[in-house]
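The structure appears below as structure tokens.
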Amino acid sequence: MRHPFRDPARPAGPSRRTVLAMACASLATVPLLTPSRAAAASARATGLDDPAKKEIAMQLVSSAENSSLDWKAQYRYIEDIGDGRGYTAGIIGFCSGTGDMLDLVELYGERSPGNVLAPYLPALRRVDGSDSHEGLDPGFPDDWRRAADQDPEFRRAQDDERDRVYFDPAVRRGKEDGLRTLGQFAYYDAMVMHGDGGGLGFGSIRERALGRARPPAQGGDEVAYLHAFLDERVWAMKQEEAHSDTSRVDTAQRVFLNEGNLDLDPPLDWHVYGDAYHIG
Numbered sequence: 010m011r012h013p014f015r016d017p018a019r020p021a022g023p024s025r026r027t028v029l030a031m032a033c034a035s036l037a038t039v040p041l042l043t044p045s046r047a048a049a050a051s052a053r054a055t056g057l058d059d060p061a062k063k064e065i066a067m068q069l070v071s072s073a074e075n076s077s078l079d080w081k082a083q084y085r086y087i088e089d090i091g092d093g094r095g096y097t098a099g100i101i102g103f104c105s106g107t108g109d110m111l112d113l114v115e116l117y118g119e120r121s122p123g124n125v126l127a128p129y130l131p132a133l134r135r136v137d138g139s140d141s142h143e144g145l146d147p148g149f150p151d152d153w154r155r156a157a158d159q160d161p162e163f164r165r166a167q168d169d170e171r172d173r174v175y176f177d178p179a180v181r182r183g184k185e186d187g188l189r190t191l192g193q194f195a196y197y198d199a200m201v202m203h204g205d206g207g208g209l210g211f212g213s214i215r216e217r218a219l220g221r222a223r224p225p226a227q228g229g230d231e232v233a234y235l236h237a238f239l240d241e242r243v244w245a246m247k248q249e250e251a252h253s254d255t256s257r258v259d260t261a262q263r264v265f266l267n268e269g270n271l272d273l274d275p276p277l278d279w280h281v282y283g284d285a286y287h288i289g
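Residue numbers for the sequence shown follow the numbering used here, beginning at 10 and rising by one.
Right under this line is the structure:
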């Protein structure tokens, strides 16, 4: 959602989160997993990338971004929320002003040439880095919703963009730091809101936390490190008026941490913006 820089290493081809969709598409052409292969796959997904935990992560983020646990209803979501990033849309809030919406629509165009959003690519390139709607209004919101409602390829592209830019890097970094599922989610939620780069991005939040505590991979205490990370996350949120409500940390992630639920096991109860949520 909050992607303050364009990745200069991005290849020209379908580079943004194409691997997931290609893998999913290939499932129909391969035999069912044998018990040994299924066990190996399960062993690889032992944290937030476990399918059940990933579903929880999507619901947690949706409660904060869309005030709903129904994250799959958000493929068609689009509005300007007045935060200086132009249109915010889709399952994790791709923004017309921060580059990730442009990357998504480019990927969609690579997979479905001539799609309903393709004519807006020149305008998306022009407004990147601003809150402008020039060249997007009045038709872009309706066409976004049309693509989300009618084309499964657009929904898959959103899934793949989310995973490639936000979810997969967050889980990888969390595992490298020795964090369990809750810590991996804390990384993911920070990346969704702040992006990875910049003075308020995930990388800077993590660096400030490392100045206060060591993660398990460096011999530190996981709970102490996560408290430090969440403290720095709250500080970063308060630097922007649009992010100044810190309940997605204070009455959600911090609650799970204080309960000692480092594996993010249900049942889960939390509040965001004063609204109560439950996963049984």
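By construction, the Cβ of each residue, glycine as well, lies at the ideal position given by its N, Cα and C atoms. For clarity, every value in this text was computed on a predicted model and none was experimentally measured.
For residue 196, the enclosing alpha helix (DSSP H) begins and ends at 190 to 203. For residue 129, the secondary structure class from DSSP, reduced to helix, strand or coil, is helix. The region 203 to 222 makes contact with the region 231 to 243: 3 or more CB pairs, one atom from each, lie closer than 8 angstroms. Taking a C-beta distance under 9 angstroms as the contact criterion, residue 78 and residue 288 qualify as a contact pair. Collapsing the DSSP output to three states places residue 222 in coil.
Here residue 164 has 84, 157 as same chain residues with Cβ atoms under 7 angstroms from its own Cβ, once five neighbours each way along the sequence are excluded.
Take the alpha-carbon of residue 147 and the one of residue 120: they are about 25 angstroms apart. Counting only residues of its own chain and dropping the five nearest sequence neighbours on each side, residue 277 has a CB closer than 6 angstroms to the CB of 288.
For residue 90, no beta strand (DSSP E) run applies, since DSSP gives it neither H nor E. Residue 286 sits in a strand when the DSSP states are folded into three classes.
281 is the residue among 281, 275, 208 whose C-alpha sits nearest the C-alpha of residue 255.
Bounds of the beta strand (DSSP E) holding residue 278 are 277 to 281. Boundaries of the alpha helix (DSSP H) harbouring residue 153: 149 to 159, taken from the DSSP string. Only residues of its own chain outside the window of five on either side were considered, and among them 65, 288, 289 have a CB closer than 8 angstroms to the CB of residue 275, listed in chain order. Cβ-Cβ separation between residue 272 and residue 189: approximately 6 angstroms, consistent with a contact (criterion under 8 angstroms). Closest in C-alpha terms to residue 187, from the list 99, 244, 107, 231, comes 231. Taken through DSSP and simplified to helix, strand or coil, residue 260 comes out as helix. For residue 241 and residue 217, the gap between their C-alpha atoms comes out near 7 angstroms. Following the DSSP letters along the chain, one finds residue 73 inside the alpha helix (DSSP H) bounded by residues 60 to 75. Note that the region 134 to 147 does not touch the region 160 to 177; fewer than 3 beta-carbon pairs, one per stretch, sit closer than 8 angstroms. Straight across, the Cα-Cα distance linking residue 193 with residue 62 is about 11 angstroms. Put simply, of 153, 106, 109, 108 the residue whose alpha carbon is nearest the alpha carbon of residue 128 is 153. Annotated as proximal: residue 204 and residue 107, with beta-carbon spacing under 9 angstroms.
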